[in-house]
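K.L.:
Protein chains in written order, with this note's numbering: chain A, -12 to 139; chain B, 844 to 1110; chain C, 36 to 211; chain D, -18 to 771. Note that the Cβ used here is the ideal one computed from N, Cα and C, for glycine as well.
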Amino acid sequence: MQLSGTHVLNAPVGKVWTMLMDPVTLARIVPAVSSLELIDDNQYKALAEIKMGPVSGSFSGNLSLLNIREKEGYSLHVKQASKIGNADALINIALKSLDDDQTELTFDGDARLSGLLARTGQRVISGVANTLTKQFFANFDEALSNEMNSVE
Amino acid sequence: MITYPFEYKRASSVAEAVSMLAEGGKALSGGHSLIPSMKLRLNMPDALVDVGRIPELKGISMDGDELVIGAGSTHADIADSQLVKEKLSLFAEGAAHIGDPAVRSRGTIGGSLAHADPSADWPALVLAANATIVVTGPNGERSIPSTDFFTGLFSTALNDDELITKIRVPVSAGSKSTYQKFAQPASRYALVGCAIVKQADGQVSVAFSGVSDAPFRDTDVEKNLNSGQEAGPVGKGQSIMSDNFASEKYRVHLASVYLQRALEAVA
Amino acid sequence: MQVEINVNGKARKAEVEDRTLLVYFLRDTLQLTGTHVGCDTSSCGACTVHLDGVAVKSCTLLAAQADGCSVTTIEGMAKDGEMHPLQEGFRECHGLQCGYCTPGMIMTAADLLKRTPKPSETEIRFALEGNICRCTGYHNIVKAIQWAAENTAAPMLADSHLWTNDVVVEKVVETE
Amino acid sequence: MSNRYIGESIKRREDKRFITGKGRYTDDIVLPGMLHAHFVRSPYAHARVVGIDLEEAKAMPGVIAIYTGDDVAAINGVPCGWQVNFRNGETMREPKHPMLIPTGSTAKHVGDAVAVVIAETKDSAIDAAELVMVEWEELPAVAAPADAILPDAPKVHEQFPDNKAFDWTFGNPIEEVDAAMEKAAHITELEFINQRVVPNAMEPRAYIGSYDETSDKYTLYTSTQNPHLIRLLMCAFVLGIPEHKVRVVGPDVGGGFGSKIYHYTEEALVTWASKQIGQPVKWTSDRSEAFLTDAHGRDHATKAEMGFDADGNIVGLRIKTVANMGAYLSTFAPAVPTYLHGTLLQGLYTTPKINIDMTCVFTHTVAVDAYRGAGRPEATYLLERLMDLAALEMGRDPAELRFQNFIPPFDGVEQPGYQTQVALQYDSGNYEAVLKRGLEMLGYENFRAEQAEAAKTNKILGVGFSTYVEACGIAPSAVVGALGARAGLFESAQVRVQPTGKVSVFTGSHSHGQGHETTFVQVVADKLGIPMDDVDLVHGDSDTIAFGMGTYGSRSLAVGGSAIVKSIDKILEKGAKIAAHKLECAEGDLEYAEGKWTVKGTDKSIGFGDVALTAYVPHVYPAGLEPGLDFSSFYDPANFTYPFGCHIAVVEVDKETGKVTLKRMIAVDDVGNVINPMIVDGQIHGGLAQGIGQALFEGTIYDENGQLTNGSYMDYCMPRADDLPMFETDRQVTPCPHNPLGVKGAGEAGAIGSTPAVVNAVIDALWSAGHKPKDILMPLTSERVWEAMN
């Protein structure tokens, strides 16, 4: 499953970077992850409840940050297992400061599915990818605006 | 194949169904989307509320200028209805293209809309027809315009504790309509489904299934056509699906071809 | 839960799990093994039976949903030792080979002939959209259905009671 | 001898039970105390079992036992029945396919089993299997055969780093073929994939193992095409139990198409487990598992070149193919791309020089083995695609080009059989005649004009031709033995005449849709001159039938039927002795007809029933003759049989969408003598649908991780009634000269000729509209056809 997207976030790159490095925020914005628990440097135990139409399931696995480049980006490796199948996603996230208040976030990666998900989900897989992408950015925007509001 | 265990409850009225849904679980109508996914264990509700025998959900009638279809009407009920054929042939034509005969005999319009499969046929039909989805929840009844109903992949404006009770569709004299479908050869879902309603004054509404994460009205195409222009590109701004049977590029092409075929059919 | 389903003219009561599918109620509980399971996705039609006289896929229906209804399976298609015209047609035209899809095919075809007593080839093929056969290439199945349509008076086909053990159960909507 | 039944379309005797719901398939059988098995399978194409936690699963209600690879390590893997060595003589690599993958080892395809849960109900077995926690270490995987031989390809078996099972070459020496090709005026070159398809018998595989302690005897009910072969393989190679302690029953079987020939791990496991637990154990596959675990078919990546001289005569054929074996070698797998494929590359043509270079590789996919046609469809696809493409390239008429290159007619009696460049000697053939008849049915003259008109519209037309020859009646044991078969491929039959003259026939050929209960009885009744009602056929039970090699390779009537005829001959020979004694004449004075022996030129006769009674009440009886009238025979064929035919497809292509509609499918087949035309036509129809299915609809889609992404009928496209036209069939009869019935076999023909005909038709349509693709990847989905035009 190919995952890619670009989105302009209304925040300076420093702010976006801080949020990306914060496990609480990360858990809130990464679809298919609902909680993160630090187990090692940049490695987390990840849990999720996913519900997408006919598919629902609880996933557990881990999330790790690799290739960390301060304010430039990192690679996000999410491995999730469930009864209906497993997912293994490696996503490269890159930040580009547009101006003092805007940051462009680009990601590009691939999620490998196995089990029932791979076998029976083909028909809607691109829709799922699109939906996850949209969710990711919407979550980020929401987290940002929450953050801004709390600052105000 | 067997589903996970769940509790089966049968509701005899809308009120009872809504109160049962408030305790959790999913509504079971024809079950032709829900049960297959539960058998594959992709879905595991704790309870199913069978709404299949609620008399209020049945029946097709006219109410003023609106055709009112009970949400529990099966695809076959609608395909075979003399009233639907007369007043809104689009729905009869579209319903006849869903699944296979056994699916049409059990699957319901309400169940299909609630499931909101991006490749199902009903969503494009209700969108093009400007239908209103009437739902009942703990706080009573509300009406959702079809254009607000589909919110994403398998996602709708329907809350978990609400039940679709009927679909109201405006019917206007002199309108023409069609549903043109290119079926995925294995599942027979729409790779592209294009529904068009053309009013007597020539204004068209155009909706697609199968093309994007969610069914949609193509407002750009409508704007172009309604101002006498060529249709222009289909699915602008939509995230186009791709799968083993149709890449993004091919899907968009098919959508354009099927739009043209639909326009010819209502010319 | 307890269900009571009239199967092939006989009232059958049984305790089933809530999740029991109608096809397993028929096969495992009642040992009516003529109804088959060929897929997991409601695609193949091997499990087709009649529910209150209408063809349905019994793998996509809970036994609970059939509670109080009437079900006809392939075992109920012959009456008093006399074959249903479709059963005759399938034999006459070699409409079956391994026989696995056959009960579902016959049940689907019976539904078609009730609605459309003299179907065209196209109508027959369209009606079989939900039934997969791997043996016959469908050629002789189409001919078998045409044979049944040609060799039976339309009213006979339309009124399944003349041929099957279909029992019309007054559908009672349960109140309190 | 009278002839009342042979050649008649007798309605099938087996139908009554199927149309009334009384067929009895394995999953319909319920034994007292029967338990249910469900397998825990690998979700990955390649992954190491790091650990298995059974605790939660074992605690589930209803669970009786859970076995893992460590519990069954002592059981051998399922064996391969055919050995093909490397061209340099190195022995074929035969990795063990364990019953269950033990901890520390790797699963090698999605669906490879790691544990089995046995519980009181199927539901509780499924529920508990989900709680078996397997810790996996996912490893890189390879699924496509051409990728498997790349230098950095993930290894399927560590000990075979090149992923090769074996390589093989066949035909004329490559130097001779190269030399011939160098002189060619035109070479048609085609690279293509003969894609992997799933047999998809409608009845999923099902097994019940049952052990009886008092007799120390096992019974296995199995959805199989050959009960005796399963018994042989399971006893001798897997479980190591004596054959007389095992009864294998193949009850009604819902289609096979090859996929139920093989011995599968689940068969041995339920049998073994029934003894461990002391109760019968049933396993029934669901469709999803079937996609992952049934042996698949085809899967070749090929580069083929056919050379022609300036006049259009074929001068050489050069082929390089990589064939996918899957992760393990299934029962007959090595034979399929080699001796069932390479030997058919002569086709119907006089090609003087032929060479094939074959590399058979392991991949992280389920095993590939014989699927309807097995090797012959791949050979025919290759040849017939080349012929139509060559015609397009050279501006020749495809039918004319074939006529020019056909082997001239030979009957195998007056004229000798035809010796090919690739080992086989065809028995009899008349190839021009079937193509001529096909062209007549098509109305070829008018078609080209119609096509030219259509080319101006959005609905273009194309015609595709395919003429084929196949090798059936498998097989002469000595020949296949020399080629690596580890079994004989004869057949056995017993004809038991009861004292009242009624006849029970026991055949080793299993029937699972082919109609043996009718055709075999037609033969027996005719040969004995008695009513069909007096004859019954028994098959599918190793305890009642002496031996059998099963049903595949269009062999049942040619081999199994011939064994029956041999027994009948013995019956009649002995009967004549009894009759002569009773009629007080010499045997030579008797003739047998209409169910009685008559003294020639007199009206003195004795009926078959009287002779039978005499044989069992031998009061007045020839001295020294044994009582009874019951004979067994084994028949080992002298040669393969060689059916042939011509298939023609007409398609319409929607230029805007690429959608292909099959408008006509014409098939003229010569399967030798025909016992029951209705059944033969039915076999042809079914084969056509499968061949068309491969051309237009079917094919597995593996992603780069070896995941099968279309493992259900929602995504794997099976041909349906509204995808197909009525078939137009005709027949020619060139009897087989070397078996007593003169039959050649009809089971696979339809699937062999039709695939290239359909693809050729689509290519032809596109060329008619100015597009000139050489190939479109099968299945020809709308998008692929549209791409070829844009």
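Could you check the C-alpha separation between residue 73 of chain D and residue 341 of chain D for me, to the nearest Å?
P.N.:
Spanning the two alpha carbons is a distance of roughly 10 Å.
K.L.:
Quick check on residue 106 of chain A: does DSSP put it in helix, strand or coil?
P.N.:
Correct three-state label for residue 106 of chain A: helix.
K.L.:
Between residue 694 of chain D and chain B, is the shortest Cβ-Cβ distance under 8 Å, so that the two count as touching?
P.N.:
Taking Cβ atoms only, chain B reaches closer than 8 Å to residue 694 of chain D, which makes this a yes.
K.L.:
Report buried or exposed for residue 146 of chain C, applying the criterion of at least 16 other Cβ atoms within 10 angstroms of its Cβ.
P.N.:
Classification of residue 146 of chain C: buried, given that the 10 Å Cβ count is 16 or more.
K.L.:
Considering Cα atoms alone, identify which of C:64, C:101, C:102 and C:72 is closest to residue 182 of chain D.
P.N.:
The residue with the shortest Cα to Cα distance from residue 182 of chain D is C:72.
K.L.:
Give me the chain A residues within the contact set of residue 523 of chain D, using Cβ-Cβ distance strictly less than 8 Å, ordered along the chain.
P.N.:
Those within 8 Å of residue 523 of chain D in chain A number zero; the least Cβ separation is about 36 Å.
K.L.:
Could you spell out the range, first to last residue, of the alpha helix (DSSP H) harbouring residue 1092 of chain B?
P.N.:
Note, residue 1092 of chain B: alpha helix (DSSP H), 1091 to 1109.
K.L.:
Here's a check: name, in chain order, each residue in its chain whose Cβ is nearer than 7 Å to the Cβ of residue 849 of chain B, leaving out the five neighbours to either side.
P.N.:
Excluding residues within five positions, the ones whose Cβ falls inside 7 Å are 888, 889, 890 and 891.
K.L.:
Tell me, please, whether the CB atom of residue 109 of chain A is closer than 8 Å to any CB atom in chain B?
P.N.:
Output row for residue 109 of chain A: interface = yes.
K.L.:
What does the alpha-carbon distance come out to for the pair residue 423 of chain D and residue -2 of chain D?
P.N.:
When rounded, the distance between both Cα atoms is 39 Å.
K.L.:
Between residue 520 of chain D and the rest of its own chain, which residues show a CB-CB distance below 7 Å, the 5 nearest in sequence each way excluded?
P.N.:
So the list reads 488, 490, 491, 492, 497 and 526, once near-sequence residues are dropped.
K.L.:
Between the C-alpha atoms of residue 48 of chain A and residue 68 of chain A, what's the straight-line distance to the nearest angstrom?
P.N.:
Their Cα atoms are separated by approximately 6 Å.
K.L.:
Is the shortest distance between the beta-carbon of residue 117 of chain A and the beta-carbons of chain B less than 8 Å?
P.N.:
Closer than 8 Å: yes.
K.L.:
One question on the structure: do residue 380 of chain D and residue 348 of chain D come within less than 8 Å of each other, judged by their Cβ atoms?
P.N.:
Taking 8 Å as the Cβ cut-off, residue 380 of chain D and residue 348 of chain D do not qualify as a contacting pair.
K.L.:
Rounding to the nearest angstrom, what Cα-Cα distance links residue 1040 of chain B and residue 1051 of chain B in this structure?
P.N.:
Approximately 12 Å between the Cα atoms of the pair.
K.L.:
Hey, is residue 51 of chain A's beta-carbon within less than 8 Å of any beta-carbon in chain D?
P.N.:
Output row for residue 51 of chain A: interface = no.
K.L.:
Pull up the distance between the alpha-carbon of residue 316 of chain D and that of residue 65 of chain D, whole angstroms please.
P.N.:
So the two alpha carbons sit approximately 7 Å from each other.
K.L.:
Please state if the CB of residue 233 of chain D and the CB of residue 533 of chain D are separated by a distance shorter than 8 Å.
P.N.:
Not closer than 8 Å, so no.
K.L.:
Check whether the Cβ of residue -12 of chain A lies closer than 8 Å to any Cβ atom in chain B.
P.N.:
So, not an interface residue.
K.L.:
With a threshold of 8 Å, are at least 3 pairs of Cβ atoms found where one atom belongs to the region 75 to 92 of chain A and the other to the region -7 to 7 of chain A?
P.N.:
Yes, since at least three Cβ pairs between the region 75 to 92 of chain A and the region -7 to 7 of chain A fall closer than 8 Å, the two stretches touch.
K.L.:
Note down the Cα distance separating residue 557 of chain D from residue 596 of chain D, rounded to an integer number of angstroms.
P.N.:
If you take the alpha carbons of residue 557 of chain D and residue 596 of chain D, they lie about 11 Å apart.
K.L.:
Return the residues of the region 851 to 870 of chain B that lie within a Cβ-Cβ distance of less than 8 Å from chain C, sorted by chain order.
P.N.:
Listed by position, the residues of the region 851 to 870 of chain B near chain C (Cβ gap below 8 Å) are 851, 853 and 855.
K.L.:
Of the choices B:1059, B:1088 and B:1070, whose alpha-carbon is the least far from that of residue 1077 of chain B?
P.N.:
Checking every option, the nearest Cα to that of residue 1077 of chain B belongs to B:1059.
K.L.:
Can you pull out the residues from the region 594 to 620 of chain D whose beta carbon lies closer than 9 Å to at least one beta carbon of chain A?
P.N.:
Flagged: no residues at all.
K.L.:
Go through its chain and collect everything with a Cβ distance to residue 1104 of chain B's Cβ below 8 Å, but skip five positions before and after it.
P.N.:
Excluding sequence neighbours, residue 1104 of chain B sits near 1023 and 1037.
K.L.:
In this structure, does DSSP put residue 135 of chain A in helix, strand or coil?
P.N.:
Reduced to three states, the DSSP call for residue 135 of chain A is helix.
K.L.:
Classify residue 78 of chain A: buried if its beta carbon has 16 or more other beta carbons within 10 angstroms, exposed otherwise.
P.N.:
Buried, by the Cβ-count rule.
K.L.:
Which residues, taken in chain order from the region 869 to 894 of chain B, show a beta carbon closer than 9 Å to some beta carbon of chain A?
P.N.:
Residues 876, 877, 879, 880, 881, 883, 884, 885, 886, 887 and 888.
K.L.:
For the region 1007 to 1015 of chain B and the region 905 to 920 of chain B, state whether three or more C-beta atom pairs, one from each stretch, are separated by less than 8 Å.
P.N.:
Touching, yes.
K.L.:
Consult DSSP for residue 38 of chain A and reduce its assignment to one of helix, strand or coil.
P.N.:
Here residue 38 of chain A sits in strand by DSSP.
K.L.:
Of the choices D:99, D:633 and D:158, whose alpha-carbon is the least far from that of residue 301 of chain D?
P.N.:
Residue 301 of chain D has its Cα closest to that of D:158, out of D:99, D:633 and D:158.
K.L.:
Using DSSP with H/G/I as helix, E/B as strand and the rest coil, what is residue 912 of chain B?
P.N.:
In this structure, residue 912 of chain B counts as strand in the three-state DSSP scheme.
K.L.:
Report the neighbours of residue 39 of chain A on chain B: residues whose CB is nearer than 7 Å to its CB, in chain order.
P.N.:
Per Cβ cutoff of 7 Å: 996 and 997.
K.L.:
Ignore the nearest five residues each way along the sequence and tell me which others in residue 749 of chain D's own chain have a CB closer than 8 Å to its CB.
P.N.:
Excluding sequence neighbours, residue 749 of chain D sits near 432, 433, 435, 436, 441, 442 and 443.
K.L.:
With a floor of 3 residues, list each beta strand (DSSP E) that falls wholly inside the region 578 to 611 of chain D, ordered by position along the chain.
P.N.:
Those beta strand (DSSP E) runs which fall completely within the region 578 to 611 of chain D and span 3+ residues are 586 to 588.
K.L.:
Just mark residue 178 of chain C as buried or exposed, buried being the case when its beta carbon has 16 or more other beta carbons within 10 Å.
P.N.:
Buried is the call here.
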